[in-house]
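The letter at position 12 of the sequence shown is residue 1 when you use the working numbering, and the numbering goes up by one with no holes. Glycine included, each C-beta is placed from N, C-alpha and C at the ideal position. Just below is one structure, and these are the notes that go with it.
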Amino acid sequence: MIPEDHPRYRSLKVRESLAEAARRGILSLEGLTAHGRGEAFDYLIGERTTASAAEAERLCALLLMSARRPVISVNGNSAALAASAIAELQKASGAAVEVNLFHRTEERMACVSRYLAEHGVVVLSGVCERLVPLGHDRGLCLPDGIGSADVILVPLEDGDRCEALRKMGRVVITIDLNPLSRTARMATLTIVDELTRALPAITAACRTEKPGVLEEIHSTIDNHRFLMEAREEMRLRLSDAMD
Ligand code: ATP
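See the structure below:
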């Protein structure tokens, strides 16, 4: 039992729910360690949404709403942390949701899909093909989903798929607290914010922004600036802590 007045109450509750998700097979054990890396970077950024990340979240909403075929790619961590928020974003943005796992078994695919459906997500189904040129199972995707998407939101991604999707000409948006990761550097747009803060912010922006012309919005995005601003926030917090 975690006391509500514990200074790290929220973080401890999230860890507890992720451990439970791992026991249920939604999250892989490896996913638990990936969460730890995210927590470390969240500490550095002050566990809050920066003005720069809020701007990236607004742009993400615009890209999703202006896409012809937007898809949200969901892995075990994203499902375990934010299934209901994904359902809300799907409703607000009109994006399709596809499950894509690195540690993929048919059983886990079914388990994650079922968990998302229980939280109101409409999950794409069908026969996956290796449409993204990768040696591992993240290359498997649905022809009607990631296979033909023009804009793909890939929260908590790994860098090689992000790079492969970019090479295929797709607009790739990621949510990644690590501004140094390959994913963050490879994406068209990186939101350096914690997933459960970022998704509701994107959903809120979908409700207020109007769709535009995808290419025009794309051409205004300077991902390097978002990464530099996140690194600067972290640097300032570290140097403040030393004073
Ligand atoms: P890359 O190949 O891009 O360098 P990586 O090896 O760091 O990726 P993973 O181990 O798959 O990638 O980790 C996923 C990323 O997600 C990490 O960079 C981590 O900082 C980030 N992350 C983990 N949890 C969260 C979260 N809740 N919100 C936002 N980002 C998170």
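What residue does the alpha helix (DSSP H) around residue i start on, and which one ends it?
i	result
S228	N212 to M231
R(-3)	R(-3) -> no alpha helix (DSSP H), and no H or E assigned at all.
I206	L203 to T209
Express the C-alpha separation of residue j and residue i in angstroms, rounding to a whole number.
i	j	result
E(-7)	I210	41 Å
G136	R119	9 Å
A187	R220	18 Å
V172	P(-4)	According to the sequence provided, residue 172 is Thr. The question's Val does not apply to it. C-alpha separation (whole angstroms): 32 Å.
T179	D165	7 Å
V160	E152	11 Å
E19	V181	21 Å
Which same chain residues, not among the five before or five after residue i, have their C-beta less than 7 Å away from its C-beta?
i	result
V110	A72, I75, A76, Q79 and V86
D149	L123
V112	V86, V88, S102, L105 and A106
What residue range does the beta strand (DSSP E) around residue i cover?
i	result
V197	The displayed chain sequence assigns Thr, not Val, to residue 197. That residue, T197, is in no beta strand (DSSP E); its alpha helix (DSSP H) goes L184 to T197.
L178	L178 to I180
I141	V140 to L142
Does DSSP put residue i in a helix, a strand or coil?
i	result
R159	coil
A94	Here the sequence assigns Thr to residue 94, which means Ala is not the residue at that position. Three-state result, T94: coil.
E107	helix
L129	strand
V101	helix
E146	coil
So, for residue i: in the same chain, excluding its five sequence neighbours on each side, which residues have a beta-carbon less than 8 Å away from its beta-carbon?
i	result
A23	N66 and L145
P200	L51, M54 and S55
Y231	For clarity, residue 231 is Met in the given sequence; the question names Tyr instead. The answer is none, since no qualifying residue turns up.
Counting only the same chain and skipping the five closest in sequence on each side, list residues whose C-beta sits under 6 Å from that of residue i.
i	result
T163	V143, E146, T172, A176 and T179
E218	S41
Any chance you could list the beta strand (DSSP E) runs of at least 3 consecutive residues sitting entirely within the region 3 to 86, in chain order? 59 to 63
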